[in-house]
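A.B. asks: Protein chains in written order, with our numbering: chain A, 699 to 1108; chain B, 374 to 813.
Ideal placement from N, C-alpha and C gives every residue a C-beta, glycine not left out.
Small disclaimer: the values here were computed from a predicted structure and weren't measured.
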Amino acid sequence: MDILPILSTLRRHKITAWLLILEIALTCAIVCNAVFLVSQRLERMNLPSGIAEHELVQVQLANIGNRSDAEARAKTDLAALRQIPGVTQVALVFQMPFTDGGSSNSGIKLDPQQREDTADVTQYMGENLLSTLGTKLVAGRDFRPDEFVNLDTAVAALHTGDLKGLPQVLVVTQALADRLWPGQSALGKQIYLGQGLAFRVVGVVAHLARPNRLSKGVEYSTVWPISMNVSQGASFLIRCAPQERERVLKSALAALKQLDPNRVVLQKRTYDEARHAFFANDRAMTGILVGVCLALLIVTALGIVGLASFWVAQRRRTIGVRRALGATRANILHYFQTENFLLATLGIVLGMVLAYGINLFLMMHYELPRLPVIYFPVGAALLWVIGQIAVFGPALRAAAVPPVVATRSV
Amino acid sequence: MFAYYLDLAARSLKRNKVLTALMVLAIAVGIGASMTTLTVMHLLSCDPLPTRSGTLFFPQVDPNPYPDGPSLPYDMMDYRSAVDLWSAHRADRQALIAHGQLKLTAPQVNLPPLMAQVLSTTSEFFPMFDVPFRYGHGWSAQDDASRARVAVISADLNNKLFNGADSVGRTLRLKDSDVRIVGVLDAWRPSPQFYDVAGGRFDDGQTGDFYGRTEDVFLPLNSSSDINPVGFNFFTCWSMPQSDATLQTSPCVWMTLWVQLDSPAKVRSYRQFVADYAALQKSAGRFARADNTQLRSLMGWLDFNHVVPSDVRLQMWVAFAFLLICLFNTVGLLLAKFLRRSGEIGVRRALGASRAAIMAQCLFEAGLIGLLGGIGGLLLTLLGLWLVRRQPVAYADLVHLDTAMFLATFALAIAASLLAGLLPAIRASRMAPGLQLKMT
Chain A
699 MDILPILSTL RRHKITAWLL ILEIALTCAI VCNAVFLVSQ RLERMNLPSG IAEHELVQVQ
759 LANIGNRSDA EARAKTDLAA LRQIPGVTQV ALVFQMPFTD GGSSNSGIKL DPQQREDTAD
819 VTQYMGENLL STLGTKLVAG RDFRPDEFVN LDTAVAALHT GDLKGLPQVL VVTQALADRL
879 WPGQSALGKQ IYLGQGLAFR VVGVVAHLAR PNRLSKGVEY STVWPISMNV SQGASFLIRC
939 APQERERVLK SALAALKQLD PNRVVLQKRT YDEARHAFFA NDRAMTGILV GVCLALLIVT
999 ALGIVGLASF WVAQRRRTIG VRRALGATRA NILHYFQTEN FLLATLGIVL GMVLAYGINL
1059 FLMMHYELPR LPVIYFPVGA ALLWVIGQIA VFGPALRAAA VPPVVATRSV
Chain B
374 MFAYYLDLAA RSLKRNKVLT ALMVLAIAVG IGASMTTLTV MHLLSCDPLP TRSGTLFFPQ
434 VDPNPYPDGP SLPYDMMDYR SAVDLWSAHR ADRQALIAHG QLKLTAPQVN LPPLMAQVLS
494 TTSEFFPMFD VPFRYGHGWS AQDDASRARV AVISADLNNK LFNGADSVGR TLRLKDSDVR
554 IVGVLDAWRP SPQFYDVAGG RFDDGQTGDF YGRTEDVFLP LNSSSDINPV GFNFFTCWSM
614 PQSDATLQTS PCVWMTLWVQ LDSPAKVRSY RQFVADYAAL QKSAGRFARA DNTQLRSLMG
674 WLDFNHVVPS DVRLQMWVAF AFLLICLFNT VGLLLAKFLR RSGEIGVRRA LGASRAAIMA
734 QCLFEAGLIG LLGGIGGLLL TLLGLWLVRR QPVAYADLVH LDTAMFLATF ALAIAASLLA
794 GLLPAIRASR MAPGLQLKMT
């Protein structure tokens, strides 16, 4: 197909041609970035938590009652929950991966003399935490029962300076180990907290995401041999088979109410519900962006249909002349298809530049990474296909113009 | 003239129904998307207290005794600094604020106990923030000092417990203590709930929760700490708190102070007062840094906390980009439409119509498309807002279309379509009359 006649025709319709090119360029730029945003959200929503998500239910009670018998009460409660058929493990924990609300975070150092912290990590605490969460240990060991201290004891020890009351060891995630000691085994290494308190790593877990503040490092998590009770803000985390969760949750509530009917239940849910709620915003945003992309592509396609139809109608006579001079229907069809391809290509080239610009802007304001190169060819192919689909109808109509039109004066 | 142009425009629009529908739809969808996001943005970024915000300020000091703490002061204050600044009474009005939860039951009301969100504050909170009362009133400074067991409750809680009846004088049981209700708020929904805003810069743009409802129970701060000395939420601590310490003596920040300063001179002198206080505390060895103080205005404080969620901003940008593409689309289609009518335009020009007249006629047609698009856009905006209300966000129940936004929808639709029609109209009016006649 000779493109020179097409170019000379387009030169006579500069404004309309440019409008189409700009529309395609804008659509290309926005769709590329919107799809990229969607992929970022999807990536966030699919982050691995590292725990047995479908086997956990959470019950949180309000922090009431005096603190002196809290420890004893925790033991009674845990024992009662373990009695429920189907329950495999129970823990009192302060936080779970991907949940809103309070979280315990702290800066850690590799050298006590350091001024700046090396990383901001979250602190998981609670007896039986690892076995309840179902996190996979990849090196070292879980805590021994004698390593646990109660939170109150640990805090008091910090103030009296009696280091015996503090835990001596901790477990870190693989991601944190790789950040702190790249290429080395983390076992036996020391980290420092606050005013130079040293702790030794005894275990490494494959994955354990932090509750929130994900921008500080999704899997920068530490686990401490510190036990907690309800009055310190902990909630019950119960592990059971996925199909048993509803029943276990009901039985757990009944058991806890039976021990003390005056307690107020703040939270009762499966872990899946908790995670679902945490990512609700991302899910909504994904829906909106996908909707906008589809609408944009439809609007652009309709715009192409409209302009192509106009051009076909305007050039009916010319087409008739060409047909009378021997051009086949296929020639006419190809003419309009090639014309659209040329316009789309120009639009796509401009659109890519624009897409890159928008990405730079978003990188500055929304902490997004750079647009991956793969988006450019995929975006281009998408717009070419849409352009060709949109122009097909008008082009067929053009091809159907009979040669006899040439002999009529309009 | 007007009726004639309207008639011409209507005829022209009717001639090619598909093309007209396409243009109206494009404008409607673009306007619907933009206005939905703009309405949400407008609601979330407006002044929560338009009559007072200019005179409300948020003092901050840095009570950290270690010099290597964060470079900006904490978003809240420790007990001692907050109470020192408050009790100096150097502002026209001032109120301390702390948050907590308490187990709540109402005698003679057959409802299970609930955890109530409690705002512990001081008497000037109500007049300073212009809080509307349905029944009763706030408590007095005397009640603050005498640790009176009084409470003000929200309209929501009053509806829940007492079916909206006048509950002044009735008793609530909070934890193990009885308090007497002295006031019931009228519907009050500042957006955002500005006096609770803190820590926004740590939220990664997920700040939707600042637009929640007010607390259920308002208590005098002293009474609240008598009822449950450990029942307050803290913001952060600069060192580990002692387990048996109350928050009052802990190394934690958990209170805020709001002050009302009625003139720029008073603002200046209060700023000096806060700086002097910090200097004094530094020389006493309690603060490490005396220069780390702030006195932000209400709106400045909201900006600093980036209260408008970043997703809402992003949605607005996307919607306007969408509108832009819809406009390009309309320009192209209008151009096609007007140029196809070149014969008719040529005849009108030859019969004496001026360029301005042709242009006016074309713009009239574009405006009519805008009006139709505006109506469609309004319906789509209502649909969009309905969708927003179903989102799991704290501000969902706030979202509605107000008169200003209703009018803005039409203004935007007509402006957008006139803008889109301008280039095609200019092109159409430039056509030489003779040429067109010859061709036909």
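Quick check: is any heavy atom of the ligand COA less than 7 Å from the C-beta of Asn389(B)?
C.D. replies: Absent from the structure shown: the ligand COA. Ligands present: none.
A.B. asks: Can you have a look at Gly1004(A) and say buried or exposed, based on whether 16 or more other CB atoms are within 10 angstroms of its CB?
C.D. replies: Looking up residue 1004(A) in the first sequence gives position 306. Buried, since its Cβ has 16 or more Cβ neighbours within 10 Å.
A.B. asks: Could you check if Asp380(B) is buried or exposed, using at least 16 other CB atoms within 10 Å of its CB as the buried criterion?
C.D. replies: As a first step, residue 380(B) is located in the second sequence; it is residue number 7 there, counting from the start. Flag for Asp380(B) reads exposed.
A.B. asks: Can you give me the Cβ contacts of Leu771(B) inside the same chain, cut-off strictly under 6 Å, excluding the 5 residues immediately before and after it?
C.D. replies: Position 398 of the second sequence, counted from the start, is the residue given in the question as residue 771(B). Same-chain partners within the cutoff: Leu416, Ser564.
A.B. asks: Closest to Ala768(A) by C-alpha separation, out of Leu831(A), Met926(A), Phe934(A), would be which residue?
C.D. replies: The residue you call residue 768(A) lines up with position 70 of the first sequence. Nearest option by C-alpha distance: Met926(A).
A.B. asks: What are the boundary residues of the beta strand (DSSP E) that Trp922(A) is part of?
C.D. replies: For the purposes of this step, residue 922(A) is taken as the residue at position 224 of the first sequence. Trp922(A) -> beta strand (DSSP E) spans 919-922.
A.B. asks: Since Val899(A) and Leu885(A) should fall inside the 8 Å C-beta cutoff, what is the C-beta to C-beta distance between them, to a whole number of angstroms?
C.D. replies: Walking along the first sequence from the start, residue 899(A) turns up at place 201. Walking along the first sequence from the start, residue 885(A) turns up at place 187. About 6 Å; that satisfies the 8 Å criterion.
A.B. asks: Using a Cβ-Cβ distance under 8 Å, would Phe583(B) count as near chain E?
C.D. replies: Among the chains of the structure shown, chain E does not appear; the protein chains present are A and B.
A.B. asks: What are the start and end residues of each continuous beta strand (DSSP E) run of 3 or more residues lying completely inside the stretch 660-695 of chain B, in chain order?
C.D. replies: 667-670
A.B. asks: Using a Cβ-Cβ cut-off of 8 Å, state whether Ala1011(A) counts as contacting chain B.
C.D. replies: Counted from its first residue, the first sequence places residue 1011(A) at position 313. Output row for Ala1011(A): interface = yes.
A.B. asks: Using a Cβ cut-off of 9 Å, pull out every chain A residue sitting near Val590(B), in sequence order please.
C.D. replies: In the second sequence, the residue the question calls residue 590(B) occupies position 217. The premise fails here: Val590(B) is roughly 15 Å from chain A at the closest Cβ pair, so nothing lies under 9 Å.
A.B. asks: Have a look at His679(B) and Asp503(B) and give me their C-alpha separation to the nearest angstrom.
C.D. replies: Within the second sequence, the letter at position 306 stands for residue 679(B). Within the second sequence, the letter at position 130 stands for residue 503(B). When the Cα atoms are used, His679(B) and Asp503(B) turn out to be separated by approximately 24 Å.
A.B. asks: Since Leu1048(A) and Ala1093(A) are thought to touch, with beta carbons under 8 Å apart, how far apart are those beta carbons, to the nearest angstrom?
C.D. replies: Taking the first residue of the first sequence as 1, we reach residue 1048(A) at position 350. Taking the first residue of the first sequence as 1, we reach residue 1093(A) at position 395. No, Leu1048(A) and Ala1093(A) are not in contact; Cβ-Cβ is about 23 Å, not under 8 Å.
A.B. asks: Ala781(B): which of Thr754(B), Pro797(B), Ala798(B), Met732(B) sits nearest, CA to CA?
C.D. replies: As a working mapping, residue 781(B) is identified with position 408 in the second sequence. Of the candidates Thr754(B), Pro797(B), Ala798(B), Met732(B), the one whose C-alpha sits nearest the C-alpha of Ala781(B) is Thr754(B).
A.B. asks: Determine the direct distance from the alpha carbon of Leu751(B) to that of Leu1041(A), and round the result to whole angstroms.
C.D. replies: Working through the first sequence from its first residue, we reach residue 1041(A) at position 343. Working through the second sequence from its first residue, we reach residue 751(B) at position 378. So the alpha carbons of these two residues sit roughly 34 Å apart.
A.B. asks: Between the alpha carbons of Pro440(B) and Lys655(B), how many angstroms are there, rounded?
C.D. replies: In the second sequence, residue 440(B) corresponds to position 67, counting from 1. In the second sequence, residue 655(B) corresponds to position 282, counting from 1. Taking the straight line from one Cα to the other gives about 11 Å.
A.B. asks: For the stretch 984-997 of chain A, which residues have a beta carbon sitting closer than 8 Å to at least one beta carbon of chain B?
C.D. replies: From the stretch 984-997 of chain A, only Ile986, Leu987, Val990, Ala993, Leu994, Val997 have a Cβ closer than 8 Å to chain B.
A.B. asks: Please list, in chain order, the residues of the stretch 562-579 of chain B that have any C-beta partner in chain A closer than 8 Å.
C.D. replies: Phe575, Asp577, Gly578, Gln579
A.B. asks: For Arg842(A), which option in Arg1095(A), Trp922(A), Leu849(A), Val785(A) has the closest C-alpha, if you only look at C-alpha atoms?
C.D. replies: Within the first sequence, the letter at position 144 stands for residue 842(A). Selected option, being the one with the closest Cα: Trp922(A).
A.B. asks: Assuming Tyr643(B) and Arg463(B) are in contact, meaning their beta carbons sit under 8 Å apart, how far apart are those beta carbons, in whole angstroms?
C.D. replies: Here residue 643(B) is taken as the residue at index 270 of the second sequence, counted from 1. Here residue 463(B) is taken as the residue at index 90 of the second sequence, counted from 1. Contact holds; Cβ gap of about 6 Å.
A.B. asks: Please confirm if Pro486(B) has its CB atom under 8 Å from at least one CB of chain A.
C.D. replies: Locating residue 486(B) in the second sequence gives position 113, counting from the first residue. Chain A, which has a Cβ nearer than 8 Å to the Cβ of Pro486(B), makes this yes.
A.B. asks: So who's on the other strand from Cys735(B), going by DSSP bridges?
C.D. replies: Within the second sequence, residue 735(B) is the residue found at index 362, counting from 1. Note: Cys735(B) sits in no beta bridge, so no partner.
A.B. asks: Given a cut-off of 8 Å on the beta-carbon distance, is the pair Asp420(B) and Met672(B) in contact?
C.D. replies: By 1-based counting over the second sequence, the position of residue 420(B) is 47. By 1-based counting over the second sequence, the position of residue 672(B) is 299. Yes, they are a contact pair.
A.B. asks: Assuming Arg1113(A) is part of the beta strand (DSSP E), what are its boundary residues?
C.D. replies: Summary: the structure shown does not reach residue 1113(A), with chain A confined to residues 699 through 1108, and so no result is reported for it.
A.B. asks: Can you give, in chain order, each stretch of the alpha helix (DSSP H) that sits fully within the stretch 952-1030 of chain A and has at least 4 residues?
C.D. replies: 969-976, 978-1012, 1014-1022
A.B. asks: Quick check on this structure: which residue in Met1062(A), Cys991(A), Gly1018(A), Thr851(A) has the alpha carbon closest to the alpha carbon of Val736(A)?
C.D. replies: The residue labelled residue 736(A) in the question sits at position 38 within the first sequence. Comparing Cα positions, the closest option is Cys991(A).
A.B. asks: For the beta strand (DSSP E) containing Leu868(A), list its first residue and its last residue.
C.D. replies: Start at 1 with the first residue of the first sequence, and residue 868(A) comes out as number 170. It spans 867-871 - the beta strand (DSSP E) in which Leu868(A) sits, taken as one unbroken run.
A.B. asks: Using only CA atoms, which one of Ala723(B), Leu708(B), Leu697(B) lies nearest to Ala401(B)?
C.D. replies: To locate residue 401(B), count along the second sequence from 1; it is residue 28. When only C-alpha atoms are compared, the closest one is Leu697(B).
A.B. asks: Please list the residues of the stretch 523-545 of chain B that have a C-beta atom closer than 9 Å to any C-beta atom in chain A, keeping them in chain order.
C.D. replies: none
A.B. asks: In this structure, how does DSSP classify Ala768(A) when only helix, strand and coil are distinguished?
C.D. replies: For the purposes of this step, residue 768(A) is taken as residue 70 along the first sequence, with counting starting at 1. Note: Ala768(A) maps to helix in three-state DSSP.
A.B. asks: Need the endpoints of the alpha helix (DSSP H) that Met926(A) sits in, please.
C.D. replies: To locate residue 926(A), count along the first sequence from 1; it is residue 228. Met926(A) -> no alpha helix (DSSP H), and no H or E assigned at all.
A.B. asks: Can you confirm whether the stretch 849-861 of chain A touches the stretch 825-832 of chain A when touching is taken to mean that 3 or more C-beta pairs between the two stretches lie within less than 8 Å?
C.D. replies: Contact between the stretch 825-832 of chain A and the stretch 849-861 of chain A is absent: fewer than 3 CB-CB pairs across the two stretches fall below 8 Å.
A.B. asks: Using a threshold of 8 Å, state whether the C-beta atoms of Asp809(A) and Tyr918(A) are closer than that.
C.D. replies: Taking the first residue of the first sequence as 1, we reach residue 809(A) at position 111. Taking the first residue of the first sequence as 1, we reach residue 918(A) at position 220. Tyr918(A) is positioned such that its CB atom lies no closer than 8 Å to that of Asp809(A).
A.B. asks: Counting along the chain, where does the beta strand (DSSP E) carrying Gln764(B) start and finish?
C.D. replies: Counting from 1 along the second sequence, the entry for residue 764(B) is found at position 391. Segment: none, Gln764(B) is in no beta strand (DSSP E) and carries neither H nor E.
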